[in-house]
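The opening residue of the sequence shown carries number 1 in the working numbering; numbering runs sequentially from there. By construction, the Cβ of each residue, glycine as well, lies at the ideal position given by its N, Cα and C atoms. First the structure, in the form of C-alpha cells, and then the observations on it.
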Amino acid sequence: MGSFRFGLEFFERLEKVDGAIAAAVAAGGCRHCQGPLHWGNYLRKPRGGLIAGGGEGSRVRHSLCCGRRGCRKRCLPPSLRFFGRRVYLEAVVVWASVMALLRRCLGEAAESAGVPLRTLRRWASWWRNIFPATATWSELRGRFVPPVPEESELPLSLLQRLESTCESGGARDPTCEAMVLAARHLGPLTTASVTDATRFVRAGFWVGGAE
Ligand SMILES: [Zn+2]
Numbered sequence: 001m002g003s004f005r006f007g008l009e010f011f012e013r014l015e016k017v018d019g020a021i022a023a024a025v026a027a028g029g030c031r032h033c034q035g036p037l038h039w040g041n042y043l044r045k046p047r048g049g050l051i052a053g054g055g056e057g058s059r060v061r062h063s064l065c066c067g068r069r070g071c072r073k074r075c076l077p078p079s080l081r082f083f084g085r086r087v088y089l090e091a092v093v094v095w096a097s098v099m100a101l102l103r104r105c106l107g108e109a110a111e112s113a114g115v116p117l118r119t120l121r122r123w124a125s126w127w128r129n130i131f132p133a134t135a136t137w138s139e140l141r142g143r144f145v146p147p148v149p150e151e152s153e154l155p156l157s158l159l160q161r162l163e164s165t166c167e168s169g170g171a172r173d174p175t176c177e178a179m180v181l182a183a184r185h186l187g188p189l190t191t192a193s194v195t196d197a198t199r200f201v202r203a204g205f206w207v208g209g210a211e
C-alpha cells in the first residue's frame with residue numbers, strides 16, 4: 001500500500017456521489033410520514049490534516065427536511081466525505097488509522113497525517129472496540145468471501161482486501177478505488193436518520209471481494 005494524498009479531484013468525486021445518494025434518499029420521501037423531503041443543505045468546516053487539505057473546500061453537507069407541517073423531521077443522507085460528527089474528513093479517519101497500523105506507531109502516523117495523537121488514539125480504540133460491534137460491519141463482513149478481513153486490524157485489513165480486489169479488477173489506481181469503496185461501505189455509519197442507508201450507498205455498485 002503506497003502513500004496516498006487526497007486531492008481536490010478525489011473529494012469532488014465523492015461530493016458528486018454524496019449528491020446522488022441524497023437525491024435518491026429525497027426521492028423516497030419522509031420515513032416518518034411519507035411527506036416530501038426538501039433540501040436543507042448546510043456548510044461544514046471539515047479538516048483534512050496534512051493528507052487531505054484538498055477536501056477542506058468540500059463543505060456542503062447534504063441534508064433534507066420533511067415539508068409536511070407537524071412532522072418537519074430532518075433526514076441526513078449517508079455521506080462518503082463526512083464521518084458523523086467528526087471534524088476530520090472520513091478519508092483522514094481511515095487513512096491515518098491505516099498508517100498507524102502499517103507503521104505500528106501511533107505517534108509517527110499522527111505526525112505525518114497532521115492529526116493530534118489523542119485523536120488518533122481515540123480512532124484506534126473506536127476501530128478496535130466499537131466498529132466491529134456495529135450492524136454495518138456485521139452486515140459487511142457477511143458479504144466477504146472468507147477469510148473475513150481481520151477484525152483486530154481494521155481498517156487496514158478492510159482496505160487491503162478492497163485494494164487487492166480493485167487490483168485484480170484492473171483498476172488504474174487500486175488504492176484510490178479502495179478508498180472510495182471503503183467510504184461507501186462505511187457510509188451507513190455516517191447517519192442515524194436513514195435506516196436503510198446501506199441500500200443507498202451501494203446502489204448499483206459492486207461491493208468488492210463479495211458476491
Ligand atoms: Zn415527515
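- Within the chosen limit of 7 Å, ligand 1 does not reach the beta carbon of Cys176 with any heavy atom.
- Contact annotation: Leu14 and Ala113 have beta-carbon atoms that are not nearer than 8 Å.
- With a cutoff of 7 Å, Cys105 does not count as near ligand 1, since its C-beta is closer than that to no heavy atom of the ligand.
- Taken atom to atom, the span from the alpha-carbon of Gln34 to that of Pro188 is near 21 Å.
- In this structure, Thr191 lies near Pro77, with their beta-carbon atoms less than 8 Å apart.
- The alpha-carbon separation between Leu106 and Leu140 amounts to approximately 27 Å.
- Within the stretch 163–191, complete alpha helix (DSSP H) segments of at least 4 residues are found at 174–186, given in chain order.
- Under the DSSP assignment, Trp137 falls in the alpha helix (DSSP H) whose first and last residues are Ala135 to Arg141.
- Taking Val98 as the centre and dropping the five residues before and after it, the same chain places the C-beta of Met1, Pro155, Leu156 and Leu159 closer than 8 Å to its C-beta, in chain order.
- Listed in chain order, the beta strand (DSSP E) elements of length 3 or more contained wholly in the stretch 33–76 are 37–39 and 64–66.
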